[in-house]
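Chemist: Let me give you the structure first, and then I'll get to my questions.
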Amino acid sequence: MDETLNSPVYSQSLLSRYVAERKNGLCQVSLAINGISCAGCIAGIERKISEIPHVQSIEVNPATHRASVIWKKSGLDFNQLIKQFSEIGYPARPYQTRTEENELEKERHQALVRIVTAAALGMQVMMIATALYFGDYSGMDAGLRSLLERAAMVLTIPIMVFCARPFFVGAWNNIKSRNMGMDVPVSVALIAAFAGSIWTTLGHPGQIYYESIAMFVFLLLSARFLELSARRTSLQNVSKMEKSIPDSAFLETEDGIVIRVDVLDLKPGDIVLVGPGDTLPADGVIIEGTSSTNDAILTGESKPVGHCPGDSVVAGSINIENHLKIRVSTISDDNVVNQIAHLATSAQGKRSNMSRLADRIASHFVAAVLLLATTAGVIWWFRDQQLWLPVVISTLVIACPCALSLATPAAFTATMAKLTRKGIIPIRSDFLENIKDVNHFVFDKTGTLTRGELSIVNVETAENWTRESVSIIAASLNRTTRHPFARAFLKNINHAQLIAVENLLHTPGGGFTGVVKNKKYALGSINFINKFINCKQETKQLPKTGAWEWDRPGQNRSISLLADDSGIIARFELLDTLRDDAKETIGQLKTRGYGISLLSGDDEGVVSDISKQLGIDNYHGNLSPAQKHRHLEQIKKTGQTVAMIGDGLNDAPVLAAASVSFAMGESSDLSKIHADVVLLNNRLSDIITVIEQAKKTVRVIHQNLAWAMGYNLLAIPAAITGMIPPWMAAIGMSASSLIVSFNALRLRKSNSISVENPTSDDGSADPLEATSYS
Amino acid sequence: MDILYILLPISFILVTILIWVIIWAVNNGQFDDLDGPAHRILEDDDE
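Keeping their order, the protein sequence lines are chains L and S.
So the first sequence is residues 0 to 773, counted in numbering that gives the first Met the number 0.
So the second sequence is residues 0 to 46, counted in numbering that gives the first Met the number 0.
In structure tokens form, the structure reads like this:
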């Protein structure tokens, strides 16, 4: 069965699912690669594959062992490409979460079995070794010594053949691709130690190293297992998302019959029913029903979000209270969950400069260690023939490039996984390094600092009308539309209070007319209302009821009027509201010493108003994207490094000019977002989370590198001068690996960051929530 | 020390059994989800 897995031939129809077409006849595929054990392998694979004609680029992610290959479709058959991978010793197959996960699970099982076997056998070998040490002091019969040595040898054979196999395979692949990974010295040392021990066991003078071999294999396997765990967590996050979408959906056919269908058969425009407690099968728009959903799977935020007709909802979120009727807007491959999963995996597939540098250094390091060990062996051969073998083994074993080749990728993977879990989707990984240089944050306004959705901030009514009654009439008129204005009206209203509207008529760009409780009403812009009333009364002058000036200008606010037959009865002022955590985040950034600017295309008056509220001194309104770009360049010219936060769609060129860019995840078309990081929760405070996490990651990597440098500088000379016996070298190297791996995995822990849950100062800050619970 | 001729084989057999049991447990999925069961006890089961 493994045979067919390693070199399967992929049919065209199957390929179309994996291979993505690109411009200029290029295509791209994600591959899961087997057999990678260290950074050296990756450099080798990248070199070998990029040498194949027609291959444009290849990038292998050391953390997930996944590659992204871009090649010229006309020049190279996909199946040939796959064959090339098998030929250099790293079988690959197109990546799909499920197979990848199964593989990883299998790899994990094998790793566990290897570790436990090495531990169990190692204990026996140690026990025998203890007996032999005592024998050295108190004297031991030669026959008995020989028996014990042979027993130890027999116990070590499975360790060498089975447990240490991954090291040998890795080393063999390294040698084949002429690239030095850490498996090479490890394997050479293991083989030398084992051969030397057998030589002694068979009656020649010398030492035995069985216990060192057992211990070394066990500890090194454990360190690798930690790295594997980091990969597993990051993969589980993604596949958890993908798996959250149900397999089947309730489809309402044109005849009004409800049938159960496969989710893959859903088409845009289909109408599906979702019961309370069910998971949404597809992205869509609510056409009937009011309920709230839990989007935790996407955003990590378990607070329910209220929805009313006209709202967009995403697949994978859980419907909480009421039945919903949804018109499907995108099919399963393009839905938000899959887009996020895709973004997250492709970010992990891209390696940061720091990992690349670590790879290169590790490769040189290993080559240097091999050279040193050989030199030391030759010198000791002439000085003391008894010692040349232990010195060579110690030198090979003690050198530890783990901080580079194991721990750095593990640190990045752990960080990415943690951010993804919080609804912060990293799209490029370099930002983790870049953000530490940032000292100026530039914000966009609409949709970034503000919600990008209108709220009613002021209601004035004519005499004899209460705010509540006009609000309910206005909301009822708006009930069926999706216009942002409509949302503003519906937000503050208990949906049970809505009144049925007859003869509802919507004039696009104008407003609504409809009959509520046998009375005709109109809601809309001043012009629209003007027309409505003039038609009725055939007068040019609009009547003024009472003393209030309903027609005064809006002062940066949008105005909607409600009128009945007799005249205007209410005036609504609508305004884009600030996000709950905008002020806190800006404050936090300022206390941390970052410069803050606000660049907006919006009216100067609105911008200055908001800047004053938030305490931003440096603000500019009325900017076109090109002008925003110029402003950003100006800030950069003053020697500052800029991070930009925008909506990711309209201000893409400005975002691209910044060193680090954040986009709010408001848009449902995530694939079009151009930014380093997408904040799915639309929480500005996540910026601070990212800053903190990036700092931690870089700190951990630096700690690891500092440790590795100190350790190797002390240990390698000591080993070369013969001060360290092989068993001590094995402990030293393994301990060092475990230390750096554990240190990297610390990043996975979700210890709280200062502003994890920004508390809104006002309990009713989210009126939608109030709605959904009422 | 002739007892070693019996004890050594016994220790070999014990190790073999131990490894076999672990392999069985791993392949049986005993180590697949180390966090889930701890949380599951807090969930209500629907009869």
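From the three backbone atoms N, C-alpha and C, an ideal C-beta is built for every residue, glycine too.
Keep in mind it's a predicted model, so treat the numbers as computed, not measured.
1) Does any residue of chain S have a CB that is nearer than 8 Å to the CB of threonine 155/L?
2) Compare the C-alpha of serine 186/L against each of Leu395/L, Gly594/L, Asp383/L, Val271/L and name the closest.
3) Could you tell me which residues DSSP puts in a beta bridge with tryptophan 278/L?
4) When DSSP labels each residue in this structure, what does glutamine 235/L get in the three-state scheme?
5) What does a CB cutoff of less than 7 Å around tryptophan 387/L pick up in its chain, not counting 5 residues either side in sequence?
6) Assuming histidine 363/L contacts isoleucine 634/L (C-beta within less than 8 Å), just tell me the rounded distance between them.
7) Report all residues from its chain with a CB closer than 7 Å to the CB of isoleucine 114/L; omit the five preceding and five following residues, and keep chain order.
8) Quick test of the definition: if touching needs 3 or more C-beta pairs under 8 Å, does the stretch 333-340 of chain L touch the stretch 312-323 of chain L?
9) When the Cα atoms are used, what is the spatial distance from asparagine 457/L to isoleucine 568/L?
10) Let me know the alpha helix (DSSP H) ranges lying completely inside the stretch 346-409 of chain L, each 4 residues or longer, listed in chain order.
11) Count the other CB atoms, across all protein chains shown, that sit within 10 Å of the CB of glutamine 385/L; report buried if there are 16 or more and exposed otherwise.
12) Where does tryptophan 464/L sit, in a helix, a strand or coil, going by DSSP?
13) Quick check on isoleucine 9/S - is its C-beta less than 8 Å from some C-beta in chain L?
14) Quick one: what does DSSP say alanine 325/L is sitting in, helix, strand or coil?
15) I'd like to know if histidine 108/L contacts chain B, where contact means its C-beta is closer than 8 Å to some C-beta of that chain.
16) Closest Cβ-Cβ distance between glutamine 123/L and chain S: below 8 Å?
17) Ordered along the chain, which non-local residues of its own chain (more than five positions away) have a Cβ less than 7 Å from that of glutamine 83/L?
18) Measuring alpha carbon to alpha carbon, tell me which of Asn173/L, Lys71/L, Asp358/L, Leu103/L ends up nearest tyrosine 89/L.
19) Suppose you measure from the CA of glutamate 156/L to the CA of valine 368/L; what does that come to, to the nearest Å?
20) Please compile the residues from chain S whose C-beta is within a distance smaller than 7 Å of the C-beta of isoleucine 504/L.
21) What ranges does the beta strand (DSSP E) occupy inside the stretch 83-135 of chain L, keeping only unbroken runs of at least 3 residues that lie completely in it?
22) How is glutamine 782/L classed by DSSP in three states: helix, strand or coil?
23) Kindly confirm or deny that the stretch 18-27 of chain L and the stretch 67-81 of chain L touch, where touching means at least three C-beta pairs closer than 8 Å.
24) Output, in sequence order along the chain, the residues in the stretch 216-234 of chain L whose CB is closer than 8 Å to any CB in chain S.
25) Contact check, proline 400/L vs alanine 366/L under 8 Å by CB: the rounded distance?
26) Taking the CB atoms as reference points, tell me whether isoleucine 18/S and alanine 119/L lie closer together than 8 Å.
27) Around the Cβ of phenylalanine 133/L, are there at least 16 other Cβ atoms within 10 angstroms (buried) or fewer (exposed)?
28) Got a sec: is the Cβ-Cβ distance from isoleucine 18/S to anything in chain L below 8 Å?
29) Helix, strand or coil for glycine 545/L per DSSP?
30) Pick helix, strand or coil for isoleucine 12/S, following the three-state DSSP scheme.
31) Quick check: the Cα distance between tyrosine 618/L and threonine 576/L, rounded to an integer number of angstroms?
32) Would you say glutamine 692/L and threonine 414/L are within 8 Å of each other, going by their C-beta atoms?
33) Got a sec: is the Cβ-Cβ distance from leucine 3/S to anything in chain L below 8 Å?
34) Is arginine 578/L closer than 8 Å to leucine 683/L when the C-beta atoms are compared?
35) Apart from the five residues on each side of it in sequence, which residues of its chain come closer than 6 Å, Cβ to Cβ, to aspartate 685/L?
Modeler: Inspection of the coordinates gives the following:
1) no
2) Leu395/L
3) For the record, residue 278/L in the displayed sequence is threonine; it is not tryptophan. Paired residue(s): Ile317/L.
4) helix
5) Gly376, Trp379, Trp380
6) The Cβ separation is near 39 Å, so there is no contact.
7) Phe217, Leu220, Ser221, Phe224
8) yes
9) 14 Å
10) 352-382, 387-397
11) exposed
12) coil
13) no
14) Looking at the sequence provided, one finds isoleucine at residue 325/L rather than alanine. The answer is strand: DSSP assigns isoleucine 325/L an E or B state.
15) Of the protein chains in the structure, L and S, none is chain B.
16) yes
17) Ile48, Ile51
18) Asn173/L
19) Sequence inspection shows isoleucine at residue 156/L; the glutamate mentioned does not correspond to that position. Going from the Cα of isoleucine 156/L to the Cα of valine 368/L covers about 27 Å.
20) It is leucine, not isoleucine, that sits at residue 504/L in the sequence shown. What leucine 504/L touches in chain S: nothing, since even the nearest Cβ is about 49 Å away.
21) 91-93
22) Residue numbering for chain L in the displayed model covers 0 to 773; residue 782/L lies beyond these limits and cannot be assessed.
23) yes
24) none
25) Rounded, the Cβ-Cβ distance is 11 Å, inconsistent with contact.
26) yes
27) exposed
28) yes
29) Below a pLDDT of 50, predicted positions are generally treated as unreliable, and glycine 545/L, at 49, falls in that range; the measurement from the model is reported next regardless. Glycine 545/L falls in the coil class under three-state DSSP.
30) helix
31) 18 Å
32) yes
33) yes
34) yes
35) Ile423, Leu678
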